[in-house]
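Structure record follows, encoded as structure tokens.
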Amino acid sequence: MPDFDPDASSPSTAWLKRAFTGADSTNARKTVTFGDAAAVRSLPLWSFLSFVLLMAIWYVVKIGGDDGILNDRTFASQKDTWDAFLLLASEGYRNITLWEHTSASLSRVGQGMLWGTVLGVPIGLAMGLSSKLRGFFDAPVELFRPIPPLALLPLFILWFGLGDKSARNLLIFASIWIMIIAARAGVRTVNLSKIRAAYSLGASKPQILWRVILPNALPEIFTGFRVAVGVSWGTLVAAELLGTSTGLGSMIFQARNFFRIDVIIVGVIIIALLGVLMDIGVRFLEAKLIPWRGKG
Amino acid sequence: MKDLSAKNVGMIYDVPKGEPVHALEDVNFDLRGGRLLTLLGPSGCGKTTLLNILAGFLAPTSGEVTLGGERIEGPGQDRGMVFQQGALFEWLNVEHNVAFGPKMNGVNKEAIKPIVDDLLNTVGLSGFGDKHIYELSGGMQQRVALARCLANDPDVILMDEPLGALDALTREKMQGLILKLWRETGKTVVLVTHSVEEALYLGDRLFVMAPRPGRIDRSYDLPFAEAALGMEPRELKASAEFIEKREEVLSLIWEMEEQIMGHEGA
Ligand SMILES: Nc1ncnc2c1ncn2[C@@H]1O[C@H](COP(=O)(O)OP(=O)(O)OP(=O)(O)O)[C@@H](O)[C@H]1O
Ligand SMILES: [Mg+2]
């Protein structure tokens, strides 16, 4: 880029300016910038700055420990939180290690998503392919979909007892409607020309389903999957507050009973980090499995 | 080679609210196997409808279409279809798109490979086998569509404005490819187009269709597709004979358009 950014003060600070302003060779010469939404992306430097700011605020409100802006019964300091994390990771809280809580939560989400997908996708495909089945399933889907899963938790506890079974079934309930609607929408995106071309090439009905309709619906199904993972994660942690003796939600709930603010904060941070990681994971899978997405 | 025929084909679309649309009325023709028929006519005259009936995607409301004397009842591998766009499978690479037909028929991998390589070579895409569809230009995508359709060795190739979405230069190149394929394979081709020039250049037979109701208004036997063998396309299209035919067909279509306008104005 020989004539990039002629205004740069010196080559050694050019990269800094670029990191700050996002100006690069593709938009350096643009005169219309405000409103050019397609050129807007997330500058990592600014994300880093906001993270540092958050940590600084946390630090400031705890200067002076219990006498700081927030006392120890309201919020824990960074050091206390870190110590709590180390303790939780090694010895655990009330005889259950952090790893056990985390894996209990993750396995519940995994099972819920598995069954939600395995049951939901075929129903969604069927709804997309047949007016009769569309009509048949429309009533339950439209009725159950708006119910916040947590509203059913008391009922699920009555039916399935406290513990894993209730949590898992609640997550199936949380994800299945999303997966049904995603698969149904995916079927609808198929171009009739593709179906006709496939028939002319000798495909049978099962081949049309497996080789054309399903792959064609994959991008939509994946979008639904991502949404469902997010919803499940949020639902699960709340469900664990009441329904289980393991899991991150349950750990937070027990810590609250003993005013262990530090443990609560560790739990919350781990929940947030895992949520982000899961989203990144699904997006990574998506890029690997459906590289044609959005490029049709 | 099998002959393609239409006998008294009529098509009426029932519109839920409103009058039924008379898309085709009393369409009759006999197309000898191995000819290249182009269909031309103003928008809405039933070109796509006729092509879909030939492909077996639509059943006519009256009359019948036959291939080699056998009635066409549904889609079949003896008739391949090339669409304007959007009919390739984005989730498969070029090679697998072309291999789709043989694969559906249970042809084994070792036998498919040479078929695919040969076809990619024929359409000028050797070396592009592992590319994804979205990596190809519009012209290249239509080459893949042609190769995919040829992979099952159909008797008839049906094309609905196959070059309609391409720029002028690519379009000329693709016209050359279609002529070349037609000559080399000896297949029957029916090609719908909006371009008078294309219809004259490619067709060794041309139907000019008229709307309301859709019908074949005039049929021509044309010399240009044959002549193109020993002649530059530009030279051919600039020849007096070509220009004369072009003006004739153009004024025919203009007349129809004016009638439509008058009809709609009334
Ligand atoms: N599914 C349908 N339902 C109702 N009317 C239809 C349907 N498909 C086509 N038509 C009507 O039938 C007539 C012929 O349509 P067709 O698509 O065959 O024309 P065309 O010659 O291919 O036009 P174009 O050049 O615009 O592609 C038009 O008046 C159209 O509006
Ligand atoms: Mg058409």
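Chains as they are written, first to last, in the working numbering: chain H, 9 to 304; chain S, 2 to 267.
Even glycine gets a Cβ: it sits at the ideal position worked out from N, Cα and C.
Would you say residue i lies against chain S (beta-carbon separation less than 8 Å)?
i	result
residue 231(H)	no
residue 295(H)	no
residue 198(H)	no
residue 139(H)	no
residue 156(H)	no
residue 300(H)	yes
residue 201(H)	yes
residue 10(H)	Bear in mind that a pLDDT of 49 at residue 10(H), under 50, signals an unreliable position, so the number given afterwards is only what the model happens to contain. No, residue 10(H) lies away from the interface with chain S (no Cβ there is under 8 Å from its Cβ).
Could you tell me if the beta carbon of residue i falls within a distance shorter than 7 Å of some heavy atom in ligand 1?
i	result
residue 28(S)	no
residue 335(H)	Nothing can be reported for residue 335(H), as the shown portion of chain H is limited to 9 through 304.
residue 47(S)	yes
residue 24(S)	yes
residue 202(S)	no
residue 16(S)	yes
residue 196(S)	no
residue 50(S)	yes
residue 201(H)	no
residue 11(S)	no
residue 302(H)	no
residue 113(H)	no
residue 6(S)	no
residue 63(S)	no
residue 44(S)	yes
residue 87(S)	no
residue 171(H)	no
residue 136(H)	no
residue 19(S)	no
residue 57(S)	no
Am I right that residue i and residue j are in contact with their C-beta atoms under 8 Å? What's the rounded C-beta distance?
i	j	result
residue 234(H)	residue 290(H)	5 Å
residue 84(H)	residue 270(H)	4 Å
residue 205(H)	residue 88(S)	4 Å
residue 32(S)	residue 5(S)	4 Å
residue 286(H)	residue 241(H)	7 Å
residue 165(H)	residue 174(H)	5 Å
residue 62(S)	residue 13(S)	5 Å
residue 228(H)	residue 194(H)	3 Å
residue 202(H)	residue 90(S)	7 Å
residue 108(H)	residue 100(H)	7 Å
Hey, is residue i's beta-carbon within less than 8 Å of any beta-carbon in chain H?
i	result
residue 129(S)	no
residue 34(S)	no
residue 105(S)	yes
residue 134(S)	yes
residue 109(S)	no
residue 102(S)	yes
residue 17(S)	no
residue 1(S)	One cannot answer for residue 1(S) here, as it falls past the ends of chain S, which runs 2 to 267.
residue 163(S)	no
residue 248(S)	no
residue 29(S)	no
residue 9(S)	no
residue 76(S)	yes
residue 267(S)	For residue 267(S), the predicted model reports a pLDDT of 49, less than 50, meaning its position is unreliable; a value from the coordinates is still stated below. Not an interface residue.
For a test of your reading of the model: does the CB of residue i fall under 7 Å from any non-hydrogen atom of ligand 2? Yes or no.
i	result
residue 161(S)	yes
Query raised in the report: Is there contact between the region 70 to 82 of chain S and the region 149 to 166 of chain S, where contact requires at least three CB pairs shorter than 8 Å?
Result: yes
Could you list the residues in the region 79 to 94 of chain S with a C-beta less than 7 Å from some C-beta on chain H, going in chain order?
-> 80, 81, 82, 84, 87, 88, 90, 91 and 92
In the region 203 to 234 of chain H, which residues sit with their C-beta less than 8 Å from some C-beta in chain S, listed in chain order?
204, 205, 206, 207, 208, 209, 210, 211, 212, 215, 219, 220, 223, 224 and 226
Quiz prompt | Contact set between the region 44 to 66 of chain S and chain H, restricted to residues whose Cβ is under 9 Å from the partner | solution = 53, 56, 57 and 58
Just checking, does the region 108 to 123 of chain S make contact with the region 56 to 68 of chain S on the three C-beta pairs under 8 Å criterion? no
**Request:** For the region 196 to 205 of chain S and the region 175 to 187 of chain S, state whether three or more C-beta atom pairs, one from each stretch, are separated by less than 8 Å.
**Result:** yes
Q. Given 8 Å as the limit, is there contact between the region 59 to 73 of chain H and the region 233 to 252 of chain H, that is, 3 or more CB pairs closer than that?
A. no
Please determine if the region 156 to 171 of chain H and the region 214 to 222 of chain H are in contact, where contact requires at least 3 C-beta pairs separated by less than 8 Å. no
Meets three-Cβ-pair contact criterion under 8 Å: the region 156 to 166 of chain S and the region 184 to 203 of chain S: yes
Q: Name, going along the chain, the residues of the region 216 to 232 of chain S whose beta-carbon falls closer than 7 Å to a beta-carbon of chain H.
A: none
Discussion item. Below 8 Å, how does it come out for the region 18 to 30 of chain S and the region 205 to 221 of chain S: are there three or more Cβ pairs, yes or no?
Written reply: yes
Cβ pair count under 8 Å reaching 3, the region 122 to 134 of chain H against the region 181 to 200 of chain H:
yes
Any 3 or more C-beta pairs closer than 8 Å across the region 249 to 256 of chain S and the region 228 to 236 of chain S:
no
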